[in-house]
Amino acid sequence: MIAHVHHENINYLKASRGFMSWLVTVDHKRIGMMYLASILLFFIAGGTFAFLFRMELWSPLKEFLTPDQYNQFFTLHGVIMVFLVVVPGIPAALGNFLVPLQIGAKDLAFPKLNITSLYLYWIGALLALYSIVAGQADQGWTMYAPYSLSRNPAVLWMLVAAFILGFSSILTGLNFIVTMHNMRAPGMTWYRMPLFLWALYATAIMQIFATPVLAITLLLLLMENFFSIGIFDPALGGDPLLMQHFFWFYSHPAVYIIVVPAFGVASEVIAAFSKKEIFGYRFVAYSSVAIAIIGFLVWGHHMFVAGQSELADSIFSFLTFFTAVPSAIKVFNWTATLYKGSIELRTPMLYALQFLFNFTIGGLTGIILAILSVDIHLHDTYFVVSHFHYVAMGSTMVAFIAGIHYWWPKMTGRMYNEFWGKLASHLVFIGFNVTFFVQLVMGSHGSPRRYYNYLPEFQIHHQVSTVGVVILAVGLFLALINLLVSLKTGAPAPINPWGAKTLEWTAETPPVLYNFTETPMVTHGPYAFETEKA
Amino acid sequence: MATATSGLPEHHVAHHFDSAEQEFDSAKTGMWLFLASEIMMFGALFVGAFIFLSMNPESFREGSRHLDWRMGAINTFFLLTSGLTMGLAVAAAQAGQQAKVRLNLILSLAMAAGFLVVKSIEYASKFEHGTLPGKLWAAEGFTQPLVHLFYSFYFVMTGLHGIHVLIGMGLMVFCLIRSTQVKFARNYFTPLEMTALYWALVDLVWVFLFPLLYLIG
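Here it is, written out as structure tokens:
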């Protein structure tokens, strides 16, 4: 039943009622909230698989999973976390909610396309889940040929799922870029846009230009499975390395699709809780774009031991070092923003500082892996696993959680409990680092990834890591429960609880149906804390 | 339809836009970005085809010699001419000439259909001779070892392009229906402009496919 109350000045949660009113909505805020709920649900699912296979790794012997189930579980963990959680993650959930609010628009440029991309996400997600009952997908999230050419129905459904999810991602990115170009409120110049939006813009460029290459790769893999066309099949004269090149041409930029939005969240939170203009705004803005561009030129560093020419290896290695420059600019600028700021250690800020710590480790271990001679030793070890978890989980998910806490009052109209929020953030920090730091150690000692069995000397490392996962899980659930409880018992949120300067904090809490009762006139930059003091 | 052209209702700007201009600009930016993603998708296939061509030039040339370049040339003519009529349809829409819009759309549709007819004649002959992709290969009398991979690229690339032709035809039909519902004018011709842009991509891909597949022999 849809009961239309349709008052433009009623908050978006109450503007219309009933389950159907959410399913047919074109409101970017509701779509963002539905994305948020879906992504968190899959985060729990993907996390559960990780939790289970980490328990299995408690000893080198069988605990409760067979080797085939172990392969299936790490595949499901990877596919769910990459394609359903971190890639859509911050842009689809927070970006959808915030892009129009931060530029002073009524909605995204293409509201119907926006709800379409959510439905594509749901269809892709259902197909990915269906692959669990269709059989045991064991090809890993990288879907390399020939693992993915087994005609295993579970693998096939996963390929179709990733193909559909790719379209969802392209449409979201496209919508954001068009909106930022054409829908900005009067006075909202490019350099008055919050850095979150610059980050989403850079991300959208990568979504639009890299994802289609994944789409064609998946299409070719499907053709390979159904018709044996042979392009990736060495038995027919094809080239499996071409598949890896195509795959990483998408999946390396995808790493930046995953982490660049986190940079955006960090910029917002650090500025708001330091009560200070971001140090070097333009450098932070352009470094996102620089990372997006360089990110297209480094895919070969995933293939140093795959049989590339030495010349190609050297060029990819050099370009990979180059990505450190814009990343370091960001880290230094955030740190400089903290310097002499009036720092307030609220829950979002604690997560943002964690992000800064974890991202520094994630970034620097990336530099270590970019060194050709070292990579030959570290390739396919736990060192690599830990490196990308420091980026995808320690940086992106932590920043995502920071963003959820930061914008929660605006999105839901409720304040959460600060004590439990902070406690959860400490547990997440400890749990995450206990889980993954030890993996850097065991990886550097040569322990290979994705193995069901391991040498007894690595048992202590595995056990530390497994204990870390338990702490991490407790922290994450505590954070989630704290947020959910606030929906019932939280104090009503004021319009601007953190005293931030970006435009979304001038909208009602929660925002009205078309965001602003009248089109805002923008007269200052996103972090104009100084002007107020003067 | 009894509705006289002049009696058609004017287009209304969607609620979240301030002006027709903003709405049109948004549609246009979005379409260009979408076309960019399409080019990346076809681009990967072209890169793959070029790599295999440079590694197995003799196999690919032998494969190409068994395609009929005259068929390809006729199809090139069909697509380029339909590109012209789509452009004329946009110009007619800007001038508010609904009848001319429809005429040009129908001409474009006819040529697109002609393209598909020629393409299916070609496909039928491939099936007859067994020059099919990868493991399906059943042809005899070829001297080079990897001709089947040439046909893998041939079928994947022309197949994907053919799907785009069909989608383009769908858009043209949509524009035809739209031309009976709403008045095209200088301030509103968005569906035609978008269809013409999309059709230009279909043309562009073919302009590169034709020499790559038919003319390397």
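So the sequence lines, in the order shown, correspond to chains A and B.
Take any residue in the first sequence, note its place counting from 1, add 86, and you have its number in my numbering.
Take any residue in the second sequence, note its place counting from 1, add 928, and you have its number in my numbering.
We treat Cβ as the ideally placed atom computed from N, Cα and C, and that holds for glycine.
Backbone secondary structure at residue i - three-state DSSP
i	result
Val391 (chain A)	coil
Pro534 (chain A)	strand
Ile567 (chain A)	helix
Ser598 (chain A)	What sits at residue 598 (chain A) in the sequence shown is Val, not Ser. If DSSP states are grouped into helix, strand and coil, Val598 (chain A) belongs with the strands.
Arg103 (chain A)	strand
Ala930 (chain B)	With a pLDDT of 38 at Ala930 (chain B), under the threshold of 50, the predicted position of this residue should be treated as unreliable, though the coordinate-derived value follows. Coil at Ala930 (chain B), not helix or strand.
Leu513 (chain A)	helix
Phe945 (chain B)	coil
Leu1143 (chain B)	coil
Arg278 (chain A)	helix
Asp369 (chain A)	The sequence given here places Phe at residue 369 (chain A); Asp does not occur at that position. Helix.
Thr297 (chain A)	helix
Gly611 (chain A)	coil
Thr1086 (chain B)	helix
Asp1131 (chain B)	helix
Ile429 (chain A)	coil
Ala285 (chain A)	helix
Asn539 (chain A)	coil
Trp584 (chain A)	coil
Glu616 (chain A)	helix
Thr54 (chain A)	The requested residue 54 (chain A) does not occur in the structure, where chain A is confined to residues 87 to 620.
Met87 (chain A)	Below a pLDDT of 50, predicted positions are generally treated as unreliable, and Met87 (chain A), at 37, falls in that range; no measurement from the model is reported.
Arg1106 (chain B)	helix
Val110 (chain A)	coil
Leu558 (chain A)	helix
Asp193 (chain A)	coil
Asp319 (chain A)	coil
Tyr1096 (chain B)	The sequence as given places Gly at residue 1096 (chain B); Tyr does not occur at that position. The answer is helix: DSSP assigns Gly1096 (chain B) an H, G or I state.
Leu1125 (chain B)	helix
Arg116 (chain A)	helix
Glu604 (chain A)	coil
Leu961 (chain B)	helix
Residue i, enclosing alpha helix (DSSP H) - first and last residue
i	result
His473 (chain A)	Tyr468 to Val477
Ser314 (chain A)	Premise fails: Ser314 (chain A) is in no alpha helix (DSSP H) and is neither H nor E.
Pro937 (chain B)	Here Pro937 (chain B) belongs to no alpha helix (DSSP H), and DSSP marks it neither H nor E.
Val189 (chain A)	One detail in the question is off: residue 189 (chain A) reads as Ile in this sequence, not Val. Unbroken alpha helix (DSSP H) run through Ile189 (chain A): Asn182 to Ile189.
Val411 (chain A)	Glu396 to Leu424
Asp461 (chain A)	Leu458 to Leu464
Pro339 (chain A)	Pro326 to Ser360
Identity of the residues DSSP links to residue i by a beta bridge
i	result
Ala1113 (chain B)	B:Tyr1116
Asn97 (chain A)	A:Val598
Arg500 (chain A)	A:Pro578
Closer than 8 angstroms to chain C by CB, residue i
i	result
Phe183 (chain A)	The displayed structure is made up of protein chains A and B, and chain C is not among them.
Going residue by residue through the region 981-1014 of chain B, where are the continuous alpha helix (DSSP H) segments of at least 4 residues, counting only ones entirely within it?
985-993
The region 287-309 of chain A: positions lying closer than 8 angstroms to chain B by Cβ:
Under the 8 angstroms Cβ criterion, the region 287-309 of chain A contributes Ile294, Phe295, Ala296, Thr297, Pro298, Val299, Ala301, Ile302, Thr303, Leu305, Leu306 and Met309.
Please name the residues in the region 1054-1085 of chain B whose beta-carbon is closer than 8 angstroms to at least one beta-carbon of chain A, in chain order.
Pro1061, Gly1062, Lys1063, Leu1064, Pro1073, Leu1074, His1076, Leu1077, Ser1080, Phe1081, Phe1083 and Val1084
Minimum length 4: unbroken alpha helix (DSSP H) runs contained in the region 197-238 of chain A
Taken in chain order, the whole alpha helix (DSSP H) runs of length 4 or more contained in the region 197-238 of chain A are 197-220.
Under 9 angstroms, CB to CB, which of the residues in the region 218-235 of chain A have a partner in chain B?
none
Members of the region 371-398 of chain A near chain B, C-beta cut-off 9 angstroms
Within the region 371-398 of chain A, no residue has a Cβ that lies closer than 9 angstroms to any Cβ of chain B.
What are the start and end residues of each continuous alpha helix (DSSP H) run of 4 or more residues lying completely inside the region 1014-1073 of chain B, in chain order?
1026-1057
Can you give me, in chain order, the residues of the region 311-337 of chain A that have a beta carbon less than 8 angstroms from any beta carbon in chain B?
Phe313, Ser314, Ile315, Gly316, Ile317, Asp319, Leu322, Gly323, Gly324, Asp325, Leu328, Phe332 and Phe335
Give the residues from the region 965-977 of chain B that approach chain A closer than 9 angstroms (Cβ to any Cβ), ordered along the chain.
Ser965, Glu966, Ile967, Met968, Met969, Phe970, Gly971, Ala972, Leu973, Val975 and Gly976
Pull out every residue of the region 262-275 of chain A whose Cβ sits closer than 9 angstroms to any Cβ of chain B, in chain order.
Ile263, Val264, Thr265, His267, Asn268 and Met269
Runs of alpha helix (DSSP H) lying entirely within the region 140-174 of chain A, each at least 4 residues, in chain order:
Runs found: 153-165.
Residues, ordered as in the chain, of the region 166-199 of chain A that lie near chain B by beta-carbon distance below 9 angstroms:
If the cut-off is 9 angstroms between Cβ atoms, the region 166-199 of chain A has Pro186, Ala191, Lys192, Asp193, Leu194, Ala195, Phe196, Pro197 and Leu199 near chain B.
For the region 93-124 of chain A, which residues have a CB atom closer than 7 angstroms to at least one CB atom of chain B, in sequence order?
Cβ contacts with chain B come from no residue of the region 93-124 of chain A.
So if I threshold CB-CB distances at 7 angstroms, which residues from the region 946-964 of chain B count as touching chain A?
Shown in chain order are the members of the region 946-964 of chain B whose Cβ falls below 7 angstroms from a Cβ of chain A: Gln950, Asp953, Ser954, Thr957, Gly958, Leu961, Phe962 and Ala964.
Closer than 7 angstroms, Cβ to any Cβ of chain B: which residues of the region 237-264 of chain A, in chain order?
Ile256, Leu260, Ile263 and Val264
At a CB distance below 7 angstroms, what residues from the region 989-1022 of chain B approach chain A? Give them in sequence order.
none
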